[in-house]
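S.K.: Sharing a structure below in structure tokens format, with a few things to ask.
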Ligand SMILES: [Zn+2]
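Chains as they are written, first to last, in the working numbering: chain D, 45 to 327; chain P, 19 to 352.
Here it is as structure tokens:
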């Protein structure tokens, strides 16, 4: 795969990202079974299809570095604030152990990966929230990394792309998590005022405080097919209204129909779409 | 538990009221003594014996009330949550009556709907025109149904934004009152863009060039609270709470058991003291012992002083300094 060549900057991490998706415990060395349709397909076919089920089209979660490798020009990735680690501002019981576990599982230090790099020669800032790390929940370090990356894009006058994915707030960080909404929204608004292009790309799942802050503030809002996008989670809504939610509620297609998404973009079209938009905005 | 102590205190309140009326000879207006809990009265007379005259009895009851009230000097976080949600706690209409003059209500988002869970308009504070916006809870069940228990839909947040944008346009300070279980988690709220509405408020509030002061008066939960709370100064009533989520929701997410909410309260760091320590709250406004519902006047006086002082301080800043000051407050957190 051509795009994977850019992975050379982060060989170990990309391999791990991909491995985490498909080669779990290496139980299925040749075929991989789809969780959605239950059909098996060749591992190679999954890979060539960007980890979208070759049979039913169900989107699998992919890691941040793998996603970046699909977008950025080979060798152009430069990670920002890579050494910032999740912390424990409230000394919450068992939280630091849980962080360690997430770190071990994903090889990430936090749910947000922030980089600068090039798409088709155009320099951009990209933020990816990785749903494998604490469900991409908003922690104080996620908020800080996002804010710093946005500030960097403002200062360098670069287009900004954020791939959101979040289960909501990081409960163990309480009010510190909540305040990241104000902090990141302010940074986006400053970026906005400086005339920069912000493309918000919503991936599965984008909910809670991330939806109610930077994810909803894009000039252009794109979404991956079938992603769950909303403020309140479906379970909470069902408990509140004592009704089952209709099929497809809060999914990308539903949001597009209700006027909150510009375009649903297949994973295979992700890079081309971004490049088209960046070119449309460059002078 | 504070609930029991409060009940005792309220019984004593009623008893004193009755006795004072008796002493004045206003027998016709006797409060219905049946509503006074017999159990508590017995407990009280056991402790203090029988009384010979009203004046002495009143004195003794007042002493006893003091003792109970002193028991409430230090409260556990879950007890503060109880007070923050107390049905008789002052709500936004009380604060507007108590603090402002010349109030003119502004309704609707002028886009789609009028959401009554957000209340606001223009008023004067010490003669200065201000914009006031806040969550609205009711004083009765009917009112609460009408105001959706203070849980706004996107239309409510867009109304708040409309009002605040006008404040920016006309250079009026903005005072917001926070008291909500959270943004309404309903189907239509989602369809109409709850996330977008909250996000837009956060973004725009960060840009204002006028003083913004938020007062957390009851419970401030989640993005639904913060959506009108991006302020230069955050004031918290002594027993108000401010957190990422309700303790019930927190316990349910973390332990899949909403019944563990008292335990959650302890861990969540949601009291005014905690928020002051975290740099989110700037000022704690004192309430009378036993909670704001016991003496509105006491709360209004303290809040009036705190609001006035902070507003005067902020008015010394230039428009661009006000914006930078507000952004810095949140930039520093985390
Ligand atoms: Zn499939």
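Just so you know, even glycine gets a beta-carbon here, dropped at the ideal spot from N, CA and C.
Flag residue 283 (chain P) as yes when its Cβ comes closer than 7 Å to any non-hydrogen atom of ligand 1, and as no otherwise.
M.R.: Here the question's residue 283 (chain P) lines up with position 265 in the second chain. False, no ligand heavy atom lies under 7 Å from that Cβ.
S.K.: Give me the Cα-Cα distance between residue 329 (chain P) and residue 235 (chain D), rounded to the nearest whole angstrom.
M.R.: In the second chain, the residue the question calls residue 329 (chain P) occupies position 311. In the first chain, the residue the question calls residue 235 (chain D) occupies position 191. Distance between the alpha carbons of residue 329 (chain P) and residue 235 (chain D): 29 Å.
S.K.: How about residue 240 (chain D) and residue 197 (chain D): are their beta carbons less than 8 Å apart?
M.R.: Here residue 240 (chain D) refers to the residue found at position 196 when the first chain is read from its first residue. Here residue 197 (chain D) refers to the residue found at position 153 when the first chain is read from its first residue. Contact: yes.
S.K.: Does the beta carbon of residue 49 (chain P) sit closer than 8 Å to a beta carbon anywhere in chain D?
M.R.: As a working mapping, residue 49 (chain P) is identified with position 31 in the second chain. Model confidence at residue 49 (chain P) stands at a pLDDT of 45, short of 50, so the residue's coordinates are unreliable; what they give is reported in the following sentence. Not one chain D Cβ lies under 8 Å of residue 49 (chain P).
S.K.: Can you tell me whether residue 153 (chain P) is helix, strand or coil according to DSSP?
M.R.: Within the second chain, the letter at position 135 stands for residue 153 (chain P). Strand, per DSSP.
S.K.: Run through the segment 119-173 of chain P for me and flag every whole beta strand (DSSP E) of 3 or more residues, listed as ranges in chain order.
M.R.: 119-123, 136-143, 146-153, all fully within the segment 119-173 of chain P.
S.K.: Taking all protein chains shown into account, do 16 or more other C-beta atoms lie within 10 angstroms of the C-beta of residue 86 (chain P), making it buried, or fewer, making it exposed?
M.R.: Stepping through the second chain from its first residue, residue 86 (chain P) is reached at position 68. So residue 86 (chain P) ends up on the buried side.
S.K.: Taking 8 Å as the CB-CB limit, is residue 195 (chain P) close to chain D?
M.R.: Numbered from its first residue, the second chain carries residue 195 (chain P) at position 177. So, not an interface residue.
S.K.: Closest to residue 171 (chain D) by C-alpha separation, out of D:277, D:158, D:297, D:178, would be which residue?
M.R.: The residue labelled residue 171 (chain D) in the question sits at position 127 within the first chain. Among D:277, D:158, D:297, D:178, the Cα nearest to that of residue 171 (chain D) is on D:158.
S.K.: Look at the alpha carbon of residue 265 (chain D) and the alpha carbon of residue 210 (chain P), and state the distance between them as a whole number of angstroms.
M.R.: Mapped onto the first chain, residue 265 (chain D) falls at position 221. Mapped onto the second chain, residue 210 (chain P) falls at position 192. Roughly 16 Å between the two C-alpha positions.
S.K.: Does any C-beta atom of chain D lie closer than 8 Å to the C-beta of residue 232 (chain P)?
M.R.: Locating residue 232 (chain P) in the second chain gives position 214, counting from the first residue. Not an interface residue.
S.K.: Determine the DSSP secondary structure at residue 298 (chain D), reduced to helix, strand or coil.
M.R.: Taking the first residue of the first chain as 1, we reach residue 298 (chain D) at position 254. It is helical.
S.K.: Taking residue 203 (chain P) as the query, report the chain D residues whose CB atoms sit under 7 Å from its CB, ordered along the chain.
M.R.: The residue you call residue 203 (chain P) lines up with position 185 of the second chain. Those within 7 Å of residue 203 (chain P) in chain D are 276, 280, 281, 284.
S.K.: Do residue 93 (chain P) and residue 138 (chain P) have their CB atoms nearer than 8 Å?
M.R.: For the purposes of this step, residue 93 (chain P) is taken as the residue at position 75 of the second chain. For the purposes of this step, residue 138 (chain P) is taken as the residue at position 120 of the second chain. No, these two residues do not count as a Cβ contact at 8 Å.
S.K.: Using DSSP with H/G/I as helix, E/B as strand and the rest coil, what is residue 182 (chain D)?
M.R.: Position 138 of the first chain, counted from the first residue, corresponds to residue 182 (chain D). Three-state result, residue 182 (chain D): strand.
S.K.: Can you give, in chain order, each stretch of the alpha helix (DSSP H) that sits fully within the segment 65-121 of chain D and has at least 4 residues?
M.R.: Segments of the alpha helix (DSSP H) lying fully in the segment 65-121 of chain D: 87-92, 108-115.
S.K.: Residue 235 (chain D) by DSSP, collapsed to three states: which one?
M.R.: Within the first chain, the letter at position 191 stands for residue 235 (chain D). The answer is helix: DSSP assigns residue 235 (chain D) an H, G or I state.
S.K.: Would you kindly report the start and end of the unbroken alpha helix (DSSP H) that includes residue 242 (chain P)?
M.R.: Taking the first residue of the second chain as position 1, residue 242 (chain P) is located at position 224. Run containing residue 242 (chain P): 240-244, per the alpha helix (DSSP H) assignment.
S.K.: Could you tell me the alpha carbon to alpha carbon distance between residue 138 (chain D) and residue 144 (chain D), rounded to whole angstroms?
M.R.: For the purposes of this step, residue 138 (chain D) is taken as the residue at position 94 of the first chain. For the purposes of this step, residue 144 (chain D) is taken as the residue at position 100 of the first chain. For residue 138 (chain D) and residue 144 (chain D), the distance between alpha carbons rounds to 10 Å.
S.K.: Which chain D residues are close to residue 173 (chain P), counting only those with a beta carbon under 8 Å from its beta carbon?
M.R.: For this step, residue 173 (chain P) is matched to residue 155 along the second chain. The contacting residues do not exist; residue 173 (chain P) stays about 14 Å from chain D at best.
S.K.: I want to know whether the segment 252-266 of chain D touches the segment 297-308 of chain D - three or more CB-CB distances under 8 Å.
M.R.: Touching, yes.
S.K.: Quick check on DSSP: helix, strand or coil for residue 330 (chain P)?
M.R.: Translated into the one-based positions of the second chain, residue 330 (chain P) becomes position 312. Correct three-state label for residue 330 (chain P): helix.
S.K.: What residues of chain P sit near residue 266 (chain D), judged by a beta carbon separation below 7 Å?
M.R.: Against the first chain, residue 266 (chain D) aligns to sequence position 222. Per Cβ cutoff of 7 Å: no residues; residue 266 (chain D) is ~15 Å from chain P at best.
S.K.: By the DSSP assignment, the beta strand (DSSP E) with residue 167 (chain D) in it spans what residues?
M.R.: As a first step, residue 167 (chain D) is located in the first chain; it is residue number 123 there, counting from the start. Looking at the DSSP string, the run of the beta strand (DSSP E) that includes residue 167 (chain D) is 166-173.
S.K.: Taking all protein chains shown into account, do 16 or more other C-beta atoms lie within 10 angstroms of the C-beta of residue 135 (chain D), making it buried, or fewer, making it exposed?
M.R.: Numbered from its first residue, the first chain carries residue 135 (chain D) at position 91. Classification of residue 135 (chain D): exposed, given that the 10 Å Cβ count is below 16.
S.K.: Which class does residue 178 (chain P) belong to by DSSP, given the choice of helix, strand or coil?
M.R.: Here the question's residue 178 (chain P) lines up with position 160 in the second chain. Three-state DSSP puts residue 178 (chain P) in a helix.
S.K.: Could you please go through the chain and list the residues whose beta-carbon is closer than 6 Å to any non-hydrogen atom of ligand 1?
M.R.: Working through the chain, the matches are D:78, D:80, D:81, D:83, D:97, D:99, D:100, D:102.
S.K.: Output, in sequence order along the chain, the residues in the segment 186-205 of chain D whose CB is closer than 8 Å to any CB in chain P.
M.R.: Answer set for the segment 186-205 of chain D: 187, 188, 191.
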